[in-house]
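Single-structure report; data block below.
There are 2 protein chains.
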Amino acid sequence: MNYPITIQGKVEAALVCDVPGSLVSTRKEKMPVHLAGIPGDRHYGYTFPSNGRYTMYPRQTEIRNSRQVSIISVEEVAATAAELGLPGLEPEWYGANLLLSGLPGLTRIPPSTRLTFPHGAVLIVTGENAPCVNVGQVIQNQFPDRPNLTSGFVKAAFHRRGVVAWIEHPGYICPGDEVTALIPELVDYTQFLR
Amino acid sequence: MNYPITIQGKVEAALVCDVPGSLVSTRKEKMPVHLAGIPGDRHYGYTFPSNGRYTMYPRQTEIRNSRQVSIISVEEVAATAAELGLPGLEPEWYGANLLLSGLPGLTRIPPSTRLTFPHGAVLIVTGENAPCVNVGQVIQNQFPDRPNLTSGFVKAAFHRRGVVAWIEHPGYICPGDEVTALIPELVDYTQFLR
Chain A
1 MNYPITIQGK VEAALVCDVP GSLVSTRKEK MPVHLAGIPG DRHYGYTFPS
51 NGRYTMYPRQ TEIRNSRQVS IISVEEVAAT AAELGLPGLE PEWYGANLLL
101 SGLPGLTRIP PSTRLTFPHG AVLIVTGENA PCVNVGQVIQ NQFPDRPNLT
151 SGFVKAAFHR RGVVAWIEHP GYICPGDEVT ALIPELVDYT QFLR
Chain B
195 MNYPITIQGK VEAALVCDVP GSLVSTRKEK MPVHLAGIPG DRHYGYTFPS
245 NGRYTMYPRQ TEIRNSRQVS IISVEEVAAT AAELGLPGLE PEWYGANLLL
295 SGLPGLTRIP PSTRLTFPHG AVLIVTGENA PCVNVGQVIQ NQFPDRPNLT
345 SGFVKAAFHR RGVVAWIEHP GYICPGDEVT ALIPELVDYT QFLR
């Protein structure tokens with residue numbers, strides 16, 4: 001793989017989904033990442049049981065886990081909050097593992113982009129994450145006086161809900177760390193279909 | 195992930211790299227694929243020790259294995275053979291696991307493309323495979339009277355050496371099977387960098 005474009009960003013928060021029965025994540029000062037996932041996180045594992053996102057499989061089918069890490073950006077979260085007319089949205093409510101800044105259009109960053117961190121961790125982007133009503137419901141609960149936030153979030157966060165990634169090399173990630181994004185070569189594949 | 199484009203191809207050969215100490219693969223009538231890899235293949239495993247392809251790690255660093263399956267196409271192999279002035283090249287010499295037909299520009303198919311097969315197997319494309327001198331040497335050994343095939347292969351197979359993939363769902367693959375390629379949405383990410 002060639003990586004002709006390099007971008008630098010910053011880790012604003014590192015979080016683990018470690019509250020049983022909850023989607024919400026918790027901020028950490030130092031978050032270990034292992035090859036099998038983030039220890040204690042509900043998405044930990046080399047494999048995991050498929051959910052409603054995988055319409056091609058019956059639910060609970062064991063598949064390889066390429067959603068070990070959920071990543072969002074300050075800029076896209078702010079745009080979503082602005083569109084909803086809210087003062088702000090917290091990464092905890094997204095159940096995110098990383099809140100980054102400085103990577104423009106994070107949600108549209110190409111699959112197989114390589115994210116490297118200073119303390120060993122290397123993540124590979126699987127692809128765009130689709131916003132869901134479960135996060136919408138968490139946000140609705142935060143603003144009980146505001147109507148229609150559950151479905152409103154799904155609409156406002158479209159193409160702004162970040163990406164999921166898997167872990168290529170272990171390490172740990174802290175708030176304040178730099179992140180380097182190595183963007184793979186972009187090819188217009190449709191040229192081969194003409 | 196959205197998959198706006200679907201292409202159909204065919205499995206021309208299924209092969210396993212199961213000869214100890216050799217890069218060459220062997221054709222099978224029925225090739226099982228497990229979540230951890232192709233049983234008996236030298237690239238089997240959820241993780242593997244990095245090699246010279248991973249210049250960012252010291253050799254033998256344990257990393258997640260996203261090169262479980264090596265895939266090439268009849269059309270690109272033929273183009274490489276033609277450029278080298280050879281009568282043909284065999285998938286065994288590539289150490290490939292799958293020889294496909296009908297997927298144009300296979301090497302340039304986007305990362306995170308989903309390849310589905312009729313007997314359960316689902317593969318996810320990691321990205322382009324770079325041609326190496328090891329395969330060049332195997333080809334050179336087949337044509338001892340032809341000079342410079344080792345380095346000649348590396349040049350002729352550039353952007354024609356297929357892709358590597360990892361296994362999302364287990365199953366088995368046979369010669370003659372159909373393969374369906376679900377191509378993810380193509381985004382010009384550079385629009386966010388202007």
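Line order of the protein sequences matches chains A and B. For the first sequence, position 160 matches number 160 in the working numbering, and the numbering has no gaps at all. For the second sequence, position 76 matches number 270 in the working numbering, and the numbering has no gaps at all. Cβ atoms here follow ideal geometry from the backbone N, Cα and C, with glycine treated the same way.
Practice task
Output the boundary residues of the alpha helix (DSSP H) element that contains SER151 of chain A.
Solution key: The sequence position of residue 151 of chain A within the first sequence is 151, counting from 1. Taken as a continuous stretch (DSSP letters only), the alpha helix (DSSP H) holding SER151 of chain A covers 149-156.
Exercise for the section: Compare the C-beta of ARG59 of chain A with all C-beta atoms of chain B and state if any pair is closer than 8 Å. Expected result: To locate residue 59 of chain A, count along the first sequence from 1; it is residue 59. Contacts with chain B at 8 Å (Cβ-Cβ) do not include ARG59 of chain A.
Problem - Spatial distance of VAL357 of chain B from SER260 of chain B (CA atoms) - result: Position 163 of the second sequence holds residue 357 of chain B. Position 66 of the second sequence holds residue 260 of chain B. In a straight line, the C-alpha of VAL357 of chain B is about 11 Å away from that of SER260 of chain B.
Handout entry: Start-to-end residues for the beta strand (DSSP E) that takes in PRO49 of chain A
Key = For the purposes of this step, residue 49 of chain A is taken as the residue at position 49 of the first sequence. Note, PRO49 of chain A: beta strand (DSSP E), 47-49.
Problem - Short CB-CB distance (under 8 Å) between GLY389 of chain B and chain A - result: Nothing can be reported for residue 389 of chain B: it is not among the residues displayed for chain B, which extend from 195 to 388.
Practice task
Within 10 angstroms of the Cβ of ARG53 of chain A, are there 16 or more other Cβ atoms? Answer buried if so, exposed if not.
Solution key: Along the first sequence, read from residue 1 onward, the residue named residue 53 of chain A stands at position 53. Exposed.
Handout entry: Residues that THR320 of chain B contacts on chain A, provided the C-beta gap is smaller than 7 Å
Key = By 1-based counting over the second sequence, the position of residue 320 of chain B is 126. What THR320 of chain B touches in chain A: SER112.
Handout entry: Cβ-based neighbour list, GLN140 of chain A, same chain, cut-off 6 Å, excluding 5 preceding and 5 following
Key = The residue labelled residue 140 of chain A in the question sits at position 140 within the first sequence. Same-chain partners within the cutoff: LEU149 and THR150.
Handout entry: Cα-Cα separation, ASP41 of chain A to LYS10 of chain A
Key = By 1-based counting over the first sequence, the position of residue 41 of chain A is 41. By 1-based counting over the first sequence, the position of residue 10 of chain A is 10. The straight-line gap from Cα to Cα measures roughly 22 Å.
Practice task
Determine whether the Cβ of THR38 of chain A lies closer than 8 Å to any Cβ atom of chain B.
Solution key: Start at 1 with the first residue of the first sequence, and residue 38 of chain A comes out as number 38. For the sequence presented, residue 38 of chain A should be read as Ile rather than Thr. Cβ-Cβ to chain B under 8 Å: no for ILE38 of chain A.
Problem - Beta-ladder partner(s) of ILE109 of chain A, from DSSP - result: Working through the first sequence from its first residue, we reach residue 109 of chain A at position 109. BP columns for ILE109 of chain A are empty, so no partner.
Practice task
Reducing DSSP to helix, strand and coil, say where PRO298 of chain B ends up.
Solution key: Here residue 298 of chain B is taken as the residue at index 104 of the second sequence, counted from 1. Coil.
Practice task
Determine, using beta carbons only, whether SER70 of chain A comes closer than 8 Å to chain B.
Solution key: Sequence index remark: in the first sequence, residue 70 of chain A carries index 70 (1-based). By this cut-off, SER70 of chain A is not an interface position.
Problem - Cut-off 6 Å between Cβ atoms - residues of its own chain near VAL271 of chain B, not counting five sequence neighbours on either side - result: Reading the second sequence from its first residue, position 77 is the one you call residue 271 of chain B. Excluding positions up to five away in sequence, the list reads LEU283.
Practice task
Mind checking which residues open and close the alpha helix (DSSP H) that includes LEU84 of chain A?
Solution key: For the purposes of this step, residue 84 of chain A is identified with residue 84 of the first sequence, where counting begins at 1. Start and end: 74-84.
Exercise for the section: Could you give the DSSP three-state label for ALA23 of chain A: helix, strand or coil? Expected result: Numbered from its first residue, the first sequence carries residue 23 of chain A at position 23. Going by the sequence as given, residue 23 of chain A is Leu instead of Ala. Of the three classes helix, strand and coil, the one that applies to LEU23 of chain A here is coil, per DSSP.
Exercise for the section: Output the boundary residues of the alpha helix (DSSP H) element that contains PRO91 of chain A. Expected result: As a first step, residue 91 of chain A must be located in the first sequence, where it is residue number 91. Residues 91-94.
Exercise for the section: Would you identify the three-state DSSP class for LEU193 of chain A, choosing helix, strand or coil? Expected result: Position 193 of the first sequence, counted from the start, is the residue given in the question as residue 193 of chain A. Helix at LEU193 of chain A.
Practice task
Assign GLU372 of chain B to buried or exposed, taking buried as 16 or more other Cβ atoms, counted over all protein chains shown, within 10 Å of its Cβ.
Solution key: Locating residue 372 of chain B in the second sequence gives position 178, counting from the first residue. Exposed, by the Cβ-count rule.
Practice task
Please report how far the alpha carbon of ILE38 of chain A lies from the alpha carbon of GLN336 of chain B, in whole angstroms.
Solution key: By one-based count along the first sequence, residue 38 of chain A stands at place 38. By one-based count along the second sequence, residue 336 of chain B stands at place 142. Between ILE38 of chain A and GLN336 of chain B, the C-alpha separation is close to 48 Å.
Practice task
Spell out the partners DSSP gives GLN202 of chain B in its beta bridges.
Solution key: Counting from 1 along the second sequence, the entry for residue 202 of chain B is found at position 8. Partner(s): B:THR374.
Handout entry: N-terminal and C-terminal residue of the beta strand (DSSP E) that GLY246 of chain B is part of
Key = Position 52 of the second sequence, counted from the first residue, corresponds to residue 246 of chain B. That residue, GLY246 of chain B, is in no beta strand (DSSP E); it is neither H nor E in DSSP.
Problem - Backbone CA spacing between ASN51 of chain A and ARG59 of chain A [nearest angstrom] - result: Working through the first sequence from its first residue, we reach residue 51 of chain A at position 51. Working through the first sequence from its first residue, we reach residue 59 of chain A at position 59. The C-alpha of ARG59 of chain A is placed about 5 Å away from the C-alpha of ASN51 of chain A.
Practice task
Since I believe THR310 of chain B is in contact with THR255 of chain B (beta carbons under 8 Å), could you give me their beta-carbon distance rounded to a whole number of angstroms?
Solution key: Counting from one through the second sequence, the residue named residue 255 of chain B turns up at place 61. Counting from one through the second sequence, the residue named residue 310 of chain B turns up at place 116. By a beta-carbon distance limit of 8 Å, THR255 of chain B does not contact THR310 of chain B. Their separation comes to about 32 Å.
Handout entry: Per-residue burial, HIS169 of chain A [other beta carbons within 10 Å of its own, 16 or more giving buried]
Key = Walking along the first sequence from the start, residue 169 of chain A turns up at place 169. A residue is called buried when at least 16 other Cβ atoms come within 10 angstroms of its Cβ; HIS169 of chain A meets this threshold and is buried.
Problem - Contact check, ALA359 of chain B vs VAL227 of chain B, beta carbons under 8 Å - result: Looking up residue 359 of chain B in the second sequence gives position 165. Looking up residue 227 of chain B in the second sequence gives position 33. Contact flag unset, no.
Practice task
Please confirm whether ASN129 of chain A and ARG161 of chain A have their CB atoms less than 8 Å apart.
Solution key: Position 129 of the first sequence holds residue 129 of chain A. Position 161 of the first sequence holds residue 161 of chain A. Contact flag set, yes.
Handout entry: CA-to-CA distance, ILE367 of chain B to PRO312 of chain B, given in whole angstroms
Key = For the purposes of this step, residue 312 of chain B is identified with residue 118 of the second sequence, where counting begins at 1. For the purposes of this step, residue 367 of chain B is identified with residue 173 of the second sequence, where counting begins at 1. Distance between the alpha carbons of PRO312 of chain B and ILE367 of chain B is about 8 Å.
Problem - C-beta neighbour in chain A for PHE242 of chain B, strict 8 Å - result: The residue labelled residue 242 of chain B in the question sits at position 48 within the second sequence. So no, PHE242 of chain B is outside the interface.
Exercise for the section: For the stretch 346-373 of chain B, enumerate the residues whose C-beta is nearer than 7 Å to any C-beta of chain A, in chain order. Expected result: Cβ contacts with chain A: TRP360, ILE361, GLU362 and HIS363.
Handout entry: MET1 of chain A: contacting residues in chain B (beta-carbon distance under 7 Å)
Key = As a first step, residue 1 of chain A must be located in the first sequence, where it is residue number 1. Those are GLY321 and GLU322, listed as they occur along chain B.
Problem - Chain-ordered neighbours of TYR383 of chain B on chain A, where CB pairs are closer than 7 Å - result: Here the question's residue 383 of chain B lines up with position 189 in the second sequence. Correct list: GLY105, ARG108, ILE109, PRO110, ILE183 and LEU186.
Practice task
Determine, using beta carbons only, whether ILE63 of chain A comes closer than 8 Å to chain B.
Solution key: Translated into the one-based positions of the first sequence, residue 63 of chain A becomes position 63. Closer than 8 Å to some Cβ of chain B, the Cβ of ILE63 of chain A qualifies, so yes.
Practice task
Quick one: using the 10 Å Cβ neighbour count with 16 as the cut-off for buried, is VAL263 of chain B buried or exposed?
Solution key: As a position in the second sequence, residue 263 of chain B is number 69, starting the count at 1. Per the 10 Å Cβ criterion, buried.
Exercise for the section: Measure the Cβ-Cβ separation of ILE7 of chain A and LEU123 of chain A and say whether it is below 8 Å. Expected result: Along the first sequence, read from residue 1 onward, the residue named residue 7 of chain A stands at position 7. Along the first sequence, read from residue 1 onward, the residue named residue 123 of chain A stands at position 123. Contact: no.
Practice task
Indicate the three-state DSSP secondary structure (helix, strand or coil) for VAL133 of chain A in the structure shown.
Solution key: Looking up residue 133 of chain A in the first sequence gives position 133. VAL133 of chain A: helix per DSSP, three-state reduction.
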